[in-house]
Each structure stands twice: as structure tokens, then as C-alpha cells.
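Chains as they are written, first to last, in my numbering: chain A, 49 to 162; chain B, 130 to 369; chain C, 14 to 129. We put the CB at the ideal spot given by N, CA and C, even for glycine. None of the values given here were measured: they were computed from a predicted structure. Here is the structure we will look at.
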Amino acid sequence: MSVPAQTWLWIAQRASAAVLALAVSVHLVTVIYAVRGGLTAADIIARLQGNVAWLGFYSVFVLAAAVHAPIGVRTILAESLPRAPRLADAAGGVLMIVILAGGFRAILGLYGAG
Amino acid sequence: MANEAILFVSVWRGAERGRFVDYEIPRGGHQTVLDAVTHIQRHVDPTLAYRFACRVGMCGSCAMTVNGVPRWTCRTRVDKVAKDGRLELAPLKNLPVIKDLTVDMESFFNKVRRAEGAFVPAGDTPGDFAAVPPASRPRTLADAAIECIGCGVCYSACDVVAWNRDYLGPAALNRAWTLVNDVRDAGNAARLRAVAGDAGCHACHTHQSCRTWCPKSLNPTASIAGLKRATARAAMRGRL
Amino acid sequence: MRGLARPSNRHTAYWAFVLHRVSGLLLALFLPVHFWALSLAIEGEAALDGFLRWTENPLVKLAEFGLVLLLAAHLTGGLRLLVIELLPWSERQKAMLATAGGIAFAAGVLFLINVY
Numbered sequence: 049m050s051v052p053a054q055t056w057l058w059i060a061q062r063a064s065a066a067v068l069a070l071a072v073s074v075h076l077v078t079v080i081y082a083v084r085g086g087l088t089a090a091d092i093i094a095r096l097q098g099n100v101a102w103l104g105f106y107s108v109f110v111l112a113a114a115v116h117a118p119i120g121v122r123t124i125l126a127e128s129l130p131r132a133p134r135l136a137d138a139a140g141g142v143l144m145i146v147i148l149a150g151g152f153r154a155i156l157g158l159y160g161a162g
Numbered sequence: 130m131a132n133e134a135i136l137f138v139s140v141w142r143g144a145e146r147g148r149f150v151d152y153e154i155p156r157g158g159h160q161t162v163l164d165a166v167t168h169i170q171r172h173v174d175p176t177l178a179y180r181f182a183c184r185v186g187m188c189g190s191c192a193m194t195v196n197g198v199p200r201w202t203c204r205t206r207v208d209k210v211a212k213d214g215r216l217e218l219a220p221l222k223n224l225p226v227i228k229d230l231t232v233d234m235e236s237f238f239n240k241v242r243r244a245e246g247a248f249v250p251a252g253d254t255p256g257d258f259a260a261v262p263p264a265s266r267p268r269t270l271a272d273a274a275i276e277c278i279g280c281g282v283c284y285s286a287c288d289v290v291a292w293n294r295d296y297l298g299p300a301a302l303n304r305a306w307t308l309v310n311d312v313r314d315a316g317n318a319a320r321l322r323a324v325a326g327d328a329g330c331h332a333c334h335t336h337q338s339c340r341t342w343c344p345k346s347l348n349p350t351a352s353i354a355g356l357k358r359a360t361a362r363a364a365m366r367g368r369l
Numbered sequence: 014m015r016g017l018a019r020p021s022n023r024h025t026a027y028w029a030f031v032l033h034r035v036s037g038l039l040l041a042l043f044l045p046v047h048f049w050a051l052s053l054a055i056e057g058e059a060a061l062d063g064f065l066r067w068t069e070n071p072l073v074k075l076a077e078f079g080l081v082l083l084l085a086a087h088l089t090g091g092l093r094l095l096v097i098e099l100l101p102w103s104e105r106q107k108a109m110l111a112t113a114g115g116i117a118f119a120a121g122v123l124f125l126i127n128v129y
């Protein structure tokens with residue numbers, strides 16, 4: 049990977065971190081509030097079903113996570129296995145696809161549930 | 130010798146392969162670790178190899194690992210580090226051992242060069258002195274990092290240097306940062322490219338061992354953070 | 014093997030790095046599991062409720078508590094890094110480290126209180 053590309057990875061990591069800082073804070077507060085008195089599927093679905101605002105929020109959340117986590121994992125692998133840099137890049141790519149696919153499947157499933 | 134305090138000193142003898150050899154020497158007064166190792170070489174074992182020069186904390190030649198930590202031996206009091214009357218002396222980490230307590234500093238200085246850690250003049254000889262206000266922001270930043278004498282303590286303390294043999298290291302990056310902030314310098318295009326990436330500033334994970342052990346109280350972590358910002362700006366302007 | 018003495022490099026900032034890296038890795042591994050669980054809703058409310066009933070198990074609650082701790086730790090550690098890298102350097106950094114730990118713990122406790 050070229051030096052400018054590696055620099056862009058750093059920029060993307062910090063930018064997505066800032067987005068996640070906000071999203072995770074909102075998510076933590078929501079979860080802590082929602083878990084009071086027990087959590088049911090109905091609660092989760094009721095909150096998300098047909099709600100465009102939550103759809104938008106979680107979409108941004110998933111996109112930011114799909115940038116941030118793969119870059120982090122790539123860094124760990126690149127440092128732990130210095131002789132396999134392509135493996136590190138590939139693993140990051142795979143994780144990004146997994147997060148995008150899994151994340152949007154969950155979001156759209158809950159948005160359209162019931 | 131009946132009333133004299135004894136200092137137990139374990140010293141690395143050999144090269145990459147070798148062993149620790151134990152010595153017992155007199156202890157007392159305001160003895161420094163340099164005093165101790167000099168005593169061993171002069172009165173016990175003249176084959177011991179070690180370095181020093183100024184012995185007053187100005188040159189950095191005496192740097193070695195003292196009880197697991199990189200220090201200048203001339204500036205380290207035995208009383209401060211040998212709490213249980215024991216010293217363990219080893220050569221600086223992350224550098225090849227020549228003999229006993231001396232290391233080969235060539236790769237260290239090569240990395241300063243690879244980081245473009247040398248001043249690049251701007252074209253023809255200028256007509257007059259460059260006016261650089263000392264209180265200006267770039268000069269303040271450069272001055273905060275300029276006192277590095279290349280002793281290698283930070284390089285030896287750095288975990289990332291130990292993990293990644295390509296990593297330029299705190300001293301080289303710190304030096305590059307002083308030049309990035311030198312308004313007279315003309316080499317920043319190449320310099321920012323040289324210090325960015327997995328072998329450069331972006332490999333720093335802010336352990337701050339460099340800052341913890343720098344005998345001149347410099348802060349390479351801050352310099353490297355500055356390089357992260359400068360390289361990011363250059364990348365976003367398409368100039369990396 | 015050179016240097017038999019333990020590396021005394023293990024100061025606060027080093028452990029902050031270890032915590033940040035470990036929590037990040039665990040969270041990255043947890044995320045796909047989290048999405049899978051939520052997508053059970055697509056199979057109908059009953060499937061997700063079945064899973065949620067499983068999460069009433071105290072051991073699972075403890076694991077969730079751990080997850081919230083990890084999340085809070087990684088978040089506050091990350092904020093500390095953003096401050097170090099992007100803002101003018103100052104001794105505030107040590108105070109931030111302490112605050113980071115405090116907030117992480119507080120979030121976990123809050124979750125625990127709510128959960129039980």
C-alpha cells in the first residue's frame with residue numbers, strides 16, 4: 049500500500065472515530081434506557097419499525113463502524129504479521145464487507161419488521 | 130574493606146550472544162552508574178567495553194540499559210536506581226551489540242537520514258539573514274524539540290521500534306518535525322512523504338516511552354503527533 | 014537473550030494502549046454477532062424474543078456488562094488519543110486518562126444497575 053494511501057487510512061480512522069464517538073454515546077444511552085425493566089423484541093422493533101430517523105442514524109453508525117473496525121484490525125495484523133501485509137489488508141476488506149452486509153441486514157430487517 | 134558498602138553489578142558480556150557476569154564493587158558517596166562501570170573496567174576487568182565521553186550529561190555517549198531502563202549512566206545516581214544494592218547493566222535495546230555495553234548506532238543514524246532529517250536550503254544564497262521571530266508558532270514548536278543530541282535512549286525505549294524494524298523511530302521523526310517547522314527549509318515535500326505511513330509517524334501508538342525516558346525531557350510523541358497532522362493536511366491537499 | 018531485567022517500560026500510557034487495542038479487537042469480533050442477533054427479528058418477533066430470553070441468563074448479563082465496559086473504555090481511550098494527536102499538547106493528558114477510566118467504569122456500573 050502506498051504512503052499516501054496509508055495516510056488516508058489514518059485520516060479515515062480518526063474521522064470515523066469522531067462519528068462513532070457520537071453514535072456510540074447515543075447508542076449507549078439508548079441501550080441503558082431501554083434495558084430498564086427488561087428488554088423484548090417488541091421494544092426494539094417498536095423503536096425502529098418505520099422510523100426514518102433511527103434508520104438514518106443506524107445507517108451512519110454502520111458505515112462509520114465499517115470504516116473504523118477494519119482499519120483497526122488491519123493495523124493489528126500488519127504489526128503482528130509483518131511478513132504478510134496483503135493478509136492484513138485482505139482481512140480488513142473482509143471485515144468491512146461483513147459489517148456492511150450484517151449491519152444493513154439487521155437495520156433493514158428491523159425497519160421493516162412486523 | 131570491612132566497613133565498605135558493597136554494590137552488586139551484573140554486566141552483559143559478549144555480543145548478541147553472551148551472558149551476565151557478576152561483579153562486587155565498593156559503593157558510596159554520590160556514585161553514578163558511570164562511576165560503577167568505570168571502576169569495573171579499571172580495577173576489576175580491563176576487557177570490559179563501554180562508552181562515555183563528557184561524563185557531565187551533555188554528549189549522550191554513555192547511554193545503556195540500567196535495570197531494564199535506558200539511561201545516561203553519568204546522570205544516574207546508584208542510590209536512585211539500585212534500591213536493593215543491585216545493578217543490572219546491558220547494552221541499549223533495539224540496536225546490534227558490538228561488544229559488551231557498546232552498540233552499533235549506524236541504523237539509528239540511517240533512519241534520521243531516511244526521515245529527511247537534514248536541512249535543505251532554498252536555492253541560491255539568500256541576500257540577507259532569514260528573519261525568524263523566536264516567539265512565532267513554528268519556531269516555538271521547533272525549539273521545543275531541537276535539543277535532541279541523538280543519544281538513542283528514546284529509540285531504545287520504543288516498543289514499536291522493537292516490533293517493526295522499518296519504523297523510523299522517535300528521534301528521527303522528532304528531528305524531521307523540527308525541520309518541518311523551520312521556515313527556511315525547502316525540503317518538506319519530500320520530508321512529509323518520508324515520514325508518513327506504516328514505517329513512519331502513523332506507526333506510533335502513543336506509548337510515550339520516548340517521552341518518559343528522554344534525558345533532555347523532550348517529547349517525541351508530541352512531535353510525531355504534529356507530523357500526523359502535517360502529513361494528513363498534505364494528503365488532503367494532494368501533496369503527499 | 015539480552016536484558017534479563019523486566020522491561021520497566023510498563024507505565025500508564027503503555028497500559029492505555031493495551032486496553033485500547035484489546036477492547037477494539039474484541040468489539041470488532043463482537044459486532045458481527047450483534048448484527049446476527051438483531052437480524053433474528055426478520056424471522057419474526059418470536060425468534061428475537063427467544064434469543065432475548067437467553068440473554069436473561071446472569072452469565073450473559075455479566076458478559077453484556079463486560080461489553081459495555083469495553084465500549085466505554087475504547088470510546089474514552091479513543092477520545093484521549095484524539096486530544097493528544099489533534100489538540101495542542103499539554104499536561105491535561107494525564108487528567109484525561111484518569112477521566113477516561115472513570116467514565117468507562119461509570120458506564121459499566123450504570124448498565125449493571127439497570128440490568129439487575
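Asked, Found
"Chain C contact residues for A:I124, given Cβ-Cβ distances below 7 Å", "R34, L38"
"For A:Q54 and B:D327, believed in contact at Cβ under 8 Å, the rounded distance", "5 Å"
"When B:G147, B:A325, B:M193 are compared against B:G298, the one with the closest alpha-carbon", "B:A325"
"Distance between C:L72 and C:G37 (C-alpha atoms, nearest Å)", "22 Å"
"Where B:P349 falls, given that 16 or more other Cβ within 10 Å makes a residue buried", "buried"
"C:F43 at chain A interface by Cβ criterion, 7 Å", "no"
"Near-chain B residues of the segment 89 to 103 of chain C (beta-carbon distance less than 8 Å), N- to C-terminal order", "L94, I97, E98, L99, W102"
"Coil, strand or helix - B:D272 by DSSP", "helix"
"Cβ distance (whole Å) where B:R320 is taken to contact B:L308 below 8 Å", "6 Å"
"N-terminal and C-terminal residue of the beta strand (DSSP E) that B:F137 is part of", "134 to 143"
"Beta carbon proximity, A:S64 to chain C, threshold 7 Å", "no"
"Burial state of B:A182, where buried means 16 or more other Cβ atoms lie within 10 Å", "exposed"
"8 Å contact criterion, which B:G246 and B:R206 should meet: CB distance rounded", "That belief does not hold up - the Cβ atoms of B:G246 and B:R206 are roughly 33 Å apart, past 8 Å."
"Top-ranked residue by Cα proximity to B:P255, from B:A315, B:C280, B:T176, B:V241", "B:A315"
"Backbone CA spacing between C:G63 and B:C330 [nearest angstrom]", "49 Å"
"Residue-level contact to chain C via CB, A:V67, 7 Å cutoff", "no"
"A:G141, DSSP secondary structure in three states", "helix"
"Residue burial classification, A:Y159 (beta-carbon count within 10 angstroms, cutoff 16)", "buried"
"Nearest neighbour of B:G355, chosen from C:I97, C:T112, C:M109, C:N70 [CA to CA]", "C:I97"
"CA-to-CA distance, B:P220 to B:E375, given in whole angstroms", "Since the first residue of chain B shown is 130 and the last is 369, residue 375 of chain B is not available in this structure."
"Under 8 Å from the C-beta of B:L369: neighbouring residues of chain A", "V51, P52, T55"
"Within the segment 60 to 146 of chain A, ranges of the beta strand (DSSP E) (whole runs, at least 3 residues)", "none"
"Test item: CB-CB of B:N223 and B:A291 under 7 Å", "yes"
"Any chain C beta carbon closer than 7 Å to B:K212", "no"
"Beta carbon of B:L163 nearer than 7 Å to that of B:M193", "no"
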